[in-house]
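Student: If you're matching positions, the sequence shown starts at 1 in the UniProt record's numbering and goes up one per residue. Glycine included, C-beta positions come from ideal geometry on N, C-alpha and C. I have a structure I would like to understand better, so I am pasting it below and will then ask my questions one at a time.
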Amino acid sequence: MKKRFKYAFTRKKETDGGFSSMIFAGISLCLFLLSAVLSFIWQGNAGTWVGVLGLMAALFAAVGFWIGIRSFKERDRNYRFSALGSMANGVFFVGWLALFLIGV
């Protein structure tokens with residue numbers, strides 16, 4: 001008699017921190033787009049306003065990365081959003097850091 005294997009696929013919930021991390025990445029991306037549009041509209045004379053938006057976006061990316069990394073501690077969860085959010089926030093933060101260092 002042939003032995004049959006039974007597989008059970010359970011639906012795991014997404015991590016709470018992973019979803020929050022994706023939200024922070026989206027906010028950081030929106031702030032980047034807003035600062036680029038404002039700088040284009042004001043023909044490069046946006047000054048302090050774009051700087052403040054950039055700093056806020058960098059802080060959102062750093063906090064989103066931290067939340068995404070911490071969300072890997074949750075047990076029996078799906079880590080898809082945690083990985084995507086952590087990677088996106090890491091890339092955004094490095095990009096913002098590069099823009100600040102180029103400007104300095």
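Out of Asp-76, Ser-86 and Met-56, which has the shortest C-alpha to C-alpha gap to Arg-11?
Tutor: Walking along the sequence shown from the start, residue 11 turns up at place 11. The residue with the shortest Cα to Cα distance from Arg-11 is Asp-76.
Student: Please classify Asn-45: does DSSP put it in a helix, a strand, or coil?
Tutor: Against the sequence shown, residue 45 aligns to sequence position 45. Coil.
Student: Can you tell me whether Ile-102 is buried or exposed, with buried defined as 16 or more other CB within 10 angstroms of its CB?
Tutor: Taking the first residue of the sequence shown as position 1, residue 102 is located at position 102. The Cβ neighbour count for Ile-102, taken over all protein chains shown within 10 Å, is under 16; the residue is labelled exposed.
Student: Tell whether a beta-carbon distance below 7 Å holds between Ala-25 and Ala-88.
Tutor: Locating residue 25 in the sequence shown gives position 25, counting from the first residue. Locating residue 88 in the sequence shown gives position 88, counting from the first residue. A contact, by the Cβ cut-off of 7 Å.
Student: Using the Cα positions of Glu-74 and Phe-19, report the straight-line distance between them to the nearest angstrom.
Tutor: On the sequence shown, position 74 is the one that residue 74 refers to. On the sequence shown, position 19 is the one that residue 19 refers to. Approximately 13 Å between the Cα atoms of the pair.
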